Amino acid sequence: MDALAATYTDIAVSDREALEREFQEQLSECSTLAFRVAMGVLRDRAEAEDVAQEAMLRAYNNFRRLRDRGRFRSWLVRIAWRLAIDHRRAGHRRERREQNLTGDDASSVPNATQTAEEIAASREFERRLGEALDGLPEKLRLVMFMTGIEGHNTREVAGLLCLSEATVKSRIRLARARLAERLR
Amino acid sequence: MSCYRFRDWMSDAATDGLSVRQRAEFDSHVGGCSACREEFARVRALVKAIDRGVMTQAAAEPSPEFLAGMRRKIAAEASPSLGNWTRWAPAAACATAIVLATAVWILWPQVERQGQVIRNVPGSNSPTVTSQTAPNRGSVVAVAPAPEHRSDFVSMRRVAAHNPRRFEREPEVLVPPGEAESVMELAALLRNGKLDGAKLMAELQQANEPIEIKPLVIPLLDSTVQAQVKDSAPDGQATKREFVSGESAQGLLP
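Protein chains in written order, with the working numbering: chain A, 1 to 184; chain B, 1 to 254.
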């Protein structure tokens, strides 16, 4: 009986170590992706990092249940996106964002070649663009962000979000048109 | 008037969202209207700025501490998460072994008794009798080995429910109306050992054997055949008459 238990424990430990190694590899590759997805929703670096860390922790705790490890990126994007949406709905973001607008915004570091008017214009445009993005429906906003993250093309976005390419193209076009209408 | 209509199309035109017919109509208007041409150029620049802005926002890099902090959190989470269930692995293995041993201990005699059911023949030593009475069609009496435990009886019922072909191995006897009780008593005697089933079967087989009938020999009639009537009434008892054929009686006659 003891030998059986010891064998069982050895198998469990080796299995756990293999999972740990695999997850650490995924962590290095995908942590920035989780952060960018969260940043797309929250537009606050500190909160996006918190949400990305929480998303990775959830992925870590449920990594054993993920049968197709090739879908890890897609799985992580959905976790991070959902957590960011929940976080924003909780109302934490609004207070921090108002403070950032009055203070120093680290996410829009000005270029040295830009004039004051250009910086002001770009920061104003960034604020308006952020508001316009907030006004988009979730599915349009997610597709819009995913095309901007890491230069994903339509096929890659479709694979990450488990959608057809035609759906992704249609949503991108619709999102851009709506943003243009709001910012005109 | 028509400019308002085409300005509504500008966002779609800048994002290639117009149909072929609409696009041709739009291009022909913009080609001839400088105000709409300027507006369309502004909208196209705006769409490009939106794409750039989204990419800028999406290309944000986390702080250098981000990955290190995440690794620390995961390391802190590691012991209760992935390793949590391994703590219970030895106990789970022991519990599984105990359950398996108990199951084998319970099921093993039952398997043996099921083997007895297969070997069971009419006249075995331990039958159990169940009867179903059908008023007009007689009674069906099933003779099966007596289960020692309730679980055995339940398992036999399950066998009958789920595997009728297997249950057919247990004999059933169709009994004429009114004879079911007698058959049940017979089975009870067999079960109690008061009646030897093998001996009874041998006697039944002997009784069922056809009676050998020898051909009848009829002697020819002869003039010398005499009938002797012998009266013997010793001590006043009943008179006995014997008819003896001539051949066999010749030696007896004086």
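We treat Cβ as the ideally placed atom computed from N, Cα and C, and that holds for glycine.
For clarity, every value in this text was computed on a predicted model and none was experimentally measured.
message: Below 8 Å on the Cβ atoms is my contact criterion, and I expect Phe-6 (chain B) with Cys-36 (chain B) to pass it. Report the Cβ-Cβ distance as a whole number of Å.
response: 6 Å
- prompt: DSSP state of Val-77 (chain A), grouped into three classes?
  reply: helix
Per-residue contacts from Leu-46 (chain B) into chain A (C-beta, under 7 Å): Ala-180, Leu-183, Arg-184
query: Arg-58 (chain A) and Leu-83 (chain A): beta carbons closer than 9 Å?
result: yes
message: Taking contact to mean 3 or more Cβ pairs, one atom from each stretch, closer than 8 Å, check whether the stretch 141–152 of chain A and the stretch 9–16 of chain B are in contact.
response: no
Contact list for Gly-159 (chain A) against chain B, beta-carbon separation under 8 Å: Neighbours of Gly-159 (chain A) on chain B: none; closest Cβ ~17 Å, over 8 Å.
- request: Give the C-beta separation of Ala-175 (chain A) and Leu-136 (chain A) to the nearest angstrom, bearing in mind that I take them to be a contact with Cβ-Cβ under 8 Å.
  value: 6 Å
- prompt: Would you call Val-37 (chain A) buried or exposed, if buried means 16 or more other Cβ atoms sit within 10 Å of its Cβ?
  reply: buried
message: Residues of the stretch 46–61 of chain A in Cβ contact with chain B at a cutoff of 8 Å, in chain order, please.
response: Ala-48, Glu-49, Ala-52, Gln-53, Met-56, Leu-57, Tyr-60, Asn-61
- prompt: If you measure from the beta carbon of Thr-15 (chain B) to each beta carbon in chain A, is any gap under 9 Å?
  reply: yes
query: What separation, rounded to the nearest whole angstrom, lies between the Cα atoms of Pro-90 (chain B) and Ala-97 (chain B)?
result: 11 Å
field: Endpoints, the alpha helix (DSSP H) within which Lys-48 (chain B) is located
entry: 34–58
- prompt: Name the chain E residues whose beta carbon is nearer than 7 Å to that of Met-184 (chain B)?
  reply: Considering every chain present, this structure includes no chain E. Its protein chains are A and B.
- prompt: Measuring CA to CA, which of A:Glu-49, A:Arg-155, A:Leu-160 is closest to Ala-60 (chain B)?
  reply: A:Glu-49
message: DSSP three-state label for Leu-179 (chain A), please.
response: helix
- request: Within its chain, find whatever has a CB closer than 8 Å to the CB of Leu-129 (chain A); leave out the 5 residues flanking it on each side and keep chain order.
  value: Leu-179, Leu-183
- prompt: If you draw a straight line from the C-alpha of Arg-44 (chain B) to the C-alpha of Arg-88 (chain A), how long is it?
  reply: 31 Å
- prompt: What is the residue span of the alpha helix (DSSP H) that Asn-208 (chain B) lies within?
  reply: 197–208
message: So the candidates are B:Arg-72, B:Phe-40, B:Ala-49, B:Cys-3; which of them puts its Cα closest to the Cα of Arg-123 (chain A)?
response: B:Ala-49
query: Is Ala-80 (chain A) near Phe-23 (chain A), with beta carbons less than 9 Å apart?
result: no
field: Proximal residues, the stretch 20–54 of chain B versus chain A, C-beta separation under 7 Å
entry: Val-43, Leu-46, Val-47, Ala-49, Ile-50, Gly-53, Val-54
field: Under 8 Å by beta carbon: chain B residues contacting Ser-31 (chain A)
entry: Pro-62, Phe-66, Leu-67, Met-70
query: Quick one, which of A:Leu-27, A:Phe-125, A:Asp-134, A:Ala-132 has its alpha-carbon nearest Gly-69 (chain B)'s?
result: A:Leu-27
message: I need the DSSP call for Cys-3 (chain B), collapsed to helix, strand or coil.
response: helix
- prompt: DSSP three-state call for Gly-193 (chain B): helix, strand or coil?
  reply: coil
message: Beta-carbon within less than 8 Å of Ser-74 (chain A)'s beta-carbon, same chain only, minus the 5 sequence neighbours each way: which residues are those?
response: Gly-159, Leu-160, Leu-161, Cys-162
field: Close Cβ partners of Arg-23 (chain B) (< 8 Å) along its chain, the five nearest in sequence each way excluded
entry: Ala-13
query: Are Pro-62 (chain B) and Arg-65 (chain A) touching if we call contact CB-CB under 9 Å?
result: no
- request: For Glu-150 (chain A), decide whether its Cβ has a neighbour in chain B, counting only Cβ atoms nearer than 9 Å.
  value: yes
- prompt: Is Thr-147 (chain A) close to chain B, meaning its C-beta is less than 9 Å from at least one C-beta of that chain?
  reply: yes
- prompt: In this structure, does DSSP put Asn-153 (chain A) in helix, strand or coil?
  reply: coil
task: Would you kindly check if the distance between the Cβ of Ala-177 (chain A) and the Cβ of Gly-17 (chain B) is under 9 Å?
output: yes
message: Please list, in chain order, the chain A residues whose beta carbon lies closer than 7 Å to that of Ala-101 (chain B).
response: What Ala-101 (chain B) touches in chain A: nothing, since even the nearest Cβ is about 10 Å away.
- request: Work out the CA separation of Glu-181 (chain A) and Val-30 (chain B) for me, nearest whole Å.
  value: 18 Å
message: Short of 9 Å Cβ to Cβ, which residues in the stretch 186–201 of chain B face chain A?
response: none
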